[in-house]
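Protein chains in written order, with the numbering used here: chain A, 544 to 779; chain B, 544 to 779. Written out below as structure tokens is the structure these notes cover.
This is the structure in structure tokens:
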């Protein structure tokens, strides 16, 4: 098959991938254009799913009272987790802005429902977690589509899932996978916040690639790719 | 912020999202251009990760003996799982081609290493699964980048993770998240195989979206989006 993507189409995809950010600040209050929101949700819904089970749901949340309670859960969990880190990193951790629950005009909870099309789902018997994994692929589609539309997305994981399940009235068997904050932004940062602040560095690609088995960095059949992945990308 | 994506850039991203397929057939034996492979891996490595922990590794596998043993594990697991489904669906299930382990020129195992940058990872204390979720986002980036380069990707989840861990010599604490088969293809199917074969249908977007809480399909503040998501997309 000849390649069916033009250079500009390809670069659009890579631009979304490399300029996507976890957004916690710079949200504007402008509501998201509903046609664009619909497009972003379609993108999420077209993620791969194990056995074509499409096990996701998207709960759109604007209600201020619900979001306020979720924000409270964030504050409680952030305080708990700060006890797990020693000074001077604790003070630094506590100073980070890590969510935009009330600053963003829209929150979305993406959930996993294992009962959908079940109990037998092709490809889910040996590794049941693949159902959850499908939902994460949907989140990534949503995130990239939003980026291309100028909409920032932040994933808040400092939360009590029990409180979330209660507030959103999720059935017992449904798992909240991602709690997302969405909105137009005044800017997208050029680097992840935790990189800019010096908390952690981006690993080199060569540090995360192995050949044929775990931890194998040398293998004569892989010399070309080994050299190539040392090169930084223009986009990256 | 003005939107910084051109229409063609956006359509490149959506094209990748809507035309991506789980590929099990139509692989050609042509090796993947190594510059393109490097680009695809960079895309995966630029996924979001909880606390910027970048907890993924990519094990590139060409070795025939390893792949043959993984294929054997697939056969065993497929036979086991077929006992979970009743006739006439069992016969149909057994007739499906569900992997391209030996047909594709490259396999990649994407793993999760919770110890990376740990034990304290920002955002992972309340919901530890978010580490795994990050790895899934990397898989989706890889999948989309591959699609734009004419490279098909199939995710094989009918496998024993224990056998996989043994064969690839993964340490006890490392989790194999995705086992992927990659290669150029003679064509990308227009629909998922499990949809074309009538196994399952694609849900409508309106069936997976709720408003403010689980199962709520009616809410007066959401009338516009409710109408919009009933419309099918040109791309989809």
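Think of the CB as a built atom: it goes at the ideal place given N, C-alpha and C, for glycine as much as any other residue. These numbers were taken from a predicted model, which means no experiment stands behind them.
For residue 606/A, the nearest CB of chain B lies under 8 Å from its own CB, placing it at the interface with that chain. Collapsing the DSSP output to three states places residue 556/B in a helix.
Taken in chain order, the members of the segment 714-726 of chain A whose beta-carbon sits within less than 8 Å of a beta-carbon on chain B are 714, 717, 720, 721. Contacts with chain B at 8 Å (Cβ-Cβ) include residue 594/A. Here DSSP, grouped into helix, strand and coil, assigns residue 704/B to helix.
Following the DSSP letters along the chain, one finds residue 766/A inside the alpha helix (DSSP H) bounded by residues 766-771. For residue 546/A, at least one C-beta of chain B is nearer than 8 Å to its own C-beta. Here DSSP, grouped into helix, strand and coil, assigns residue 686/A to helix.
The segment 717-731 of chain A makes contact with the segment 651-665 of chain A, as at least three CB pairs between them are under 8 Å. Flagged as an interface residue toward chain B: residue 563/A, by a C-beta distance shorter than 8 Å.
Ranked by Cα distance from residue 710/B, the first of 612/B, 675/B, 642/B, 643/B is 612/B. DSSP assignment within the segment 688-747 of chain B yields the following whole alpha helix (DSSP H) runs of 4 residues or more, N-terminal first: 704-710, 736-739.
The DSSP assignment places 599-604, 649-655 as complete runs of the beta strand (DSSP E) inside the segment 588-665 of chain A, in order along the chain (cut-off: 3 residues). Here residue 750/A carries a helix assignment [DSSP, helix/strand/coil].
According to DSSP, residue pairing for residue 570/B in a beta bridge involves 728/B.
For the pair residue 564/A and residue 627/B, the Cα-to-Cα distance works out to about 42 Å. With a cut-off of 8 Å on Cβ pairs, the segment 585-603 of chain B is in contact with the segment 657-670 of chain B, counting three or more such pairs. Beta-carbon to beta-carbon, residue 593/B and residue 695/B are separated by about 29 Å, too far to satisfy the 8 Å threshold. Put simply, of 549/A, 570/A, 668/A the residue whose alpha carbon is nearest the alpha carbon of residue 732/A is 570/A. Contact between residue 578/A and residue 771/B holds: their C-beta atoms lie close to 6 Å from each other, under 8 Å.
Beta bridge pairing from DSSP links residue 565/A with 696/A.
Residue 689/B holds the alpha-carbon nearest to the alpha-carbon of residue 557/A among 689/B, 673/B, 614/B. Burial is judged here by how many other beta carbons sit within 10 angstroms of a residue's own beta carbon; residue 667/B has at least 16 and is buried.
Within chain B, the residues 620, 623, 624, 700, 701, 702, 703, 704 have their CB atoms less than 8 Å from the CB of residue 669/A, given in chain order. Remark: C-beta atoms of residue 617/A and residue 701/A approach each other more closely than 8 Å. A direct Cα-Cα distance of roughly 28 Å separates residue 581/A from residue 693/B. Take the alpha-carbon of residue 757/A and the one of residue 738/A: they are about 27 Å apart. At a cut-off of 8 Å between C-beta atoms, residue 666/A counts as an interface residue with respect to chain B. Relative to residue 546/B, the option among 555/A, 637/A, 645/A, 773/A whose CA is nearest is 555/A. When secondary structure is reduced to three states using DSSP, residue 578/A falls in the helix class. Of the candidates 698/A, 744/A, 735/A, 735/A places its Cα closest to the Cα of residue 562/A.
Within chain A, no C-beta atom comes nearer than 7 Å to that of residue 613/B; the closest sits roughly 12 Å away.
Any Cβ of chain B closer than 8 Å to the Cβ of residue 755/A would place that residue at the interface, and such an atom is present. For residue 691/A, the closest Cβ of chain B is nearer than 8 Å.
When DSSP states are grouped into helix, strand and coil, residue 547/B belongs to the coil group. Of the other Cβ atoms in all chains shown, 16 or more fall within 10 Å of the Cβ of residue 591/A; this residue is therefore buried.
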